[in-house]
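Accompanying notes for the structure given below.
Protein chains: 4
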Amino acid sequence: MSTPLEVAQRVLAEQPFSQLIGTRLTAFAAGSAELTLPLTPVLEQQNGFAHGGVVSTMADEGISFAAGSVLGASVLTAEYKINFLRPARGEYLVARGRVVSHSQRQAVCTCEVWSVTDNGETMCAMAMGTVVVPAKGGSDGE
Amino acid sequence: MSTPLEVAQRVLAEQPFSQLIGTRLTAFAAGSAELTLPLTPVLEQQNGFAHGGVVSTMADEGISFAAGSVLGASVLTAEYKINFLRPARGEYLVARGRVVSHSQRQAVCTCEVWSVTDNGETMCAMAMGTVVVPAKGGSDGE
Amino acid sequence: MSTPLEVAQRVLAEQPFSQLIGTRLTAFAAGSAELTLPLTPVLEQQNGFAHGGVVSTMADEGISFAAGSVLGASVLTAEYKINFLRPARGEYLVARGRVVSHSQRQAVCTCEVWSVTDNGETMCAMAMGTVVVPAKGGSDGE
Amino acid sequence: MSTPLEVAQRVLAEQPFSQLIGTRLTAFAAGSAELTLPLTPVLEQQNGFAHGGVVSTMADEGISFAAGSVLGASVLTAEYKINFLRPARGEYLVARGRVVSHSQRQAVCTCEVWSVTDNGETMCAMAMGTVVVPAKGGSDGE
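Heads up: the protein sequence lines correspond to chains A, B, C and D, in order.
Using my numbering, read the first sequence as starting at 68 and increasing by one per residue.
Using my numbering, read the second sequence as starting at 68 and increasing by one per residue.
Using my numbering, read the third sequence as starting at 68 and increasing by one per residue.
Using my numbering, read the fourth sequence as starting at 68 and increasing by one per residue.
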């Protein structure tokens, strides 16, 4: 039988874009999720740091997988906000999502994104957003 | 001599991650910028739509290039917020960034992200954020 | 018979806090709403500008009344983000809310807040947020 | 000699709008601040809950006073985002601001707003934002 972590890892594995950049789901429990991304040159912007879109992707995934841990696998990020705190560099990025509050249909989550090097961890971004369970059969993309 | 569009296109070309996903800068004028991204399967999430991280990347780039049109090439996105309005699908995504207000060191911008198909355009996300000129020689990643 | 503007004005009149600060609904049409607030000393912070909470209240009301113009009177602001662009001062603040996208249950709106003096108008804040129709009989505050 | 809490309380006391609604600064330490607001009918919207503008004001003050604890008294909120989680009601609202990351000129903070009744506390909103030290002599409202 699959653990919740394994089930969630399969959802991530079905996302071609997550596979392209290399995100891995490294922890998953009720109310939280952690994703890890080895940094490679192809993920950089012009100054050698991870591109803002990469950090955003990590934040989006941290928020949506944390929400999925309490809402189930069928969720959509409705909106989020991200503050970039420091340049994202190092060996890995780690996104740690956490559910702040939720109902059966919706969760508000935060996500911290950390740069990891041999010397330790530095928080490089923080995000907060809303994840929803889409209405069944609805055409409502919101 | 290079046009401002060509100069900005070279900045984009120096971003490995933008090259990886395939973003192109298709318009650039004082106060606005437009980026275009042909959608391919590798950019999708598990339901066949463009991944939220792809849409976020487009929004981030629309905001930062619009800001760069009034602040110069050395800019950092400090923060942004994005609302996902509808699933992002179609032939192309087009991000249209616009400067709302700016000083010499900072700009607040909006960006609309549109899905483009043969049948027309649909707005799939809207974002708003702050872009700054980093202090020279400073170690302040904020 | 009441016009839509008059109906919406009655909703605003039923909000004691809006009465306390003095907000007036000055325009209301499908997809947009305008609120006007005469600035008085009691609305200021320590430097003689309108308090951020006052500007936020205007933005929140601009977003929620614009949404109400397409969703009906029973709406709740779920979330919003605001960027303060310049100090808010002058004779009046004017908040102009606009629906960007909506379904039957939800609207994403923007709102510009303008400072108005004898010499003209200056945008002092811009906001974007989500407004929802709460589920009937539900205890779900989200 | 004044304690840091007393100094910060004087800043709050100089804000006419904070006096109007009744906010009190109840804790203040390096990296955090707590504000308390007794709820009265004049602070409500049409359904008997605290108005979104009141909750927003609490969040704005929690963010800016937390930032002030590390940046000094002369700070401006540049932007924030707020998610409303549940209706705000009860005897008191308590806003708890916390610095996530800061330099000498800028801080990114979060703020939780809690409803307090005899039966306990419930989180009713969460916010995140950026606070800056304005440039001296500058006319840059951003």
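All residues carry an ideal CB built from backbone N, CA and C; glycine is no exception.
Can you list the residues of chain A that residue i reaches, using a CB-CB cut of under 8 Å?
i, result
"residue 197(C)", "145, 146, 197"
May I have the straight-line CA-CA distance separating residue i from residue j, to the nearest angstrom?
i, j, result
"residue 137(A)", "residue 95(C)", "40 Å"
"residue 172(C)", "residue 154(D)", "18 Å"
"residue 148(D)", "residue 68(B)", "43 Å"
"residue 142(A)", "residue 126(A)", "15 Å"
"residue 201(D)", "residue 100(C)", "32 Å"
"residue 144(C)", "residue 123(A)", "25 Å"
"residue 110(A)", "residue 168(C)", "32 Å"
"residue 197(A)", "residue 108(B)", "26 Å"
"residue 189(D)", "residue 106(D)", "15 Å"
"residue 180(D)", "residue 130(B)", "30 Å"
"residue 120(C)", "residue 120(D)", "7 Å"
"residue 152(C)", "residue 76(A)", "42 Å"
"residue 199(A)", "residue 199(C)", "13 Å"
"residue 178(C)", "residue 81(C)", "22 Å"
"residue 192(A)", "residue 88(A)", "18 Å"
"residue 176(D)", "residue 150(D)", "14 Å"
"residue 166(A)", "residue 72(A)", "16 Å"
"residue 226(C)", "residue 135(C)", "Absent from the model: residue 226(C). The displayed extent of chain C is 68 to 209, so no value can be given."
"residue 170(D)", "residue 90(A)", "30 Å"
"residue 174(D)", "residue 128(D)", "14 Å"
I want to see whether chain C comes within less than 7 Å of residue i, judged by CB atoms only; does it?
i, result
"residue 186(B)", "no"
"residue 193(B)", "yes"
"residue 84(D)", "yes"
"residue 136(A)", "no"
Evaluate residue i with the Cβ neighbour count: other Cβ atoms within 10 Å of its Cβ, from every protein chain shown; 16 or more gives buried, anything less gives exposed.
i, result
"residue 163(B)", "buried"
"residue 97(B)", "exposed"
"residue 157(C)", "buried"
"residue 186(A)", "exposed"
"residue 115(B)", "exposed"
"residue 70(C)", "exposed"
"residue 203(D)", "exposed"
7 Å is my cut-off, CB to CB: does residue i come that close to chain A?
i, result
"residue 175(D)", "yes"
"residue 141(D)", "no"
"residue 81(B)", "yes"
Under a CB-based cut-off of 7 Å, is residue i close to chain B?
i, result
"residue 125(C)", "no"
"residue 207(D)", "Low confidence applies to residue 207(D): its pLDDT is 43, below 50, so where it sits in the model is not reliable, and the reading given next is rough at best. Answer yes: the Cβ-Cβ gap between residue 207(D) and chain B drops below 7 Å somewhere."
So, for residue i: in the same chain, excluding its five sequence neighbours on each side, which residues have a beta-carbon less than 8 Å away from its beta-carbon?
i, result
"residue 65(C)", "Coverage of chain C is limited to positions 68 through 209, which leaves residue 65(C) absent and any answer about it impossible."
"residue 93(A)", "101, 102, 103, 161"
"residue 146(C)", "196, 197"
Tell me which residues share the same chain as residue i and place their Cβ nearer than 6 Å to its Cβ, disregarding the 5 neighbours each side in the sequence.
i, result
"residue 78(C)", "140"
"residue 85(D)", "79"
"residue 112(B)", "118"
"residue 159(A)", "103, 105, 183"
"residue 133(D)", "99, 100, 164, 165, 166, 176"
How would you list, in chain order, the residues of chain C whose beta-carbon sits under 8 Å from the beta-carbon of residue i?
i, result
"residue 190(B)", "167, 168"
"residue 78(D)", "113"
Along chain B, in chain order, which residues have C-beta atoms closer than 8 Å to that of residue i?
i, result
"residue 152(C)", "167, 168, 175"
Apart from the five residues just before and just after residue i, which ones in its own chain have a Cβ nearer than 7 Å to its Cβ?
i, result
"residue 83(C)", "none"
Could you name the residues of the region 87-120 of chain D whose beta carbon sits closer than 7 Å to any beta carbon of chain F, in the order they occur along the chain? The structure shown has no chain F; the protein chains it does contain are A, B, C and D.
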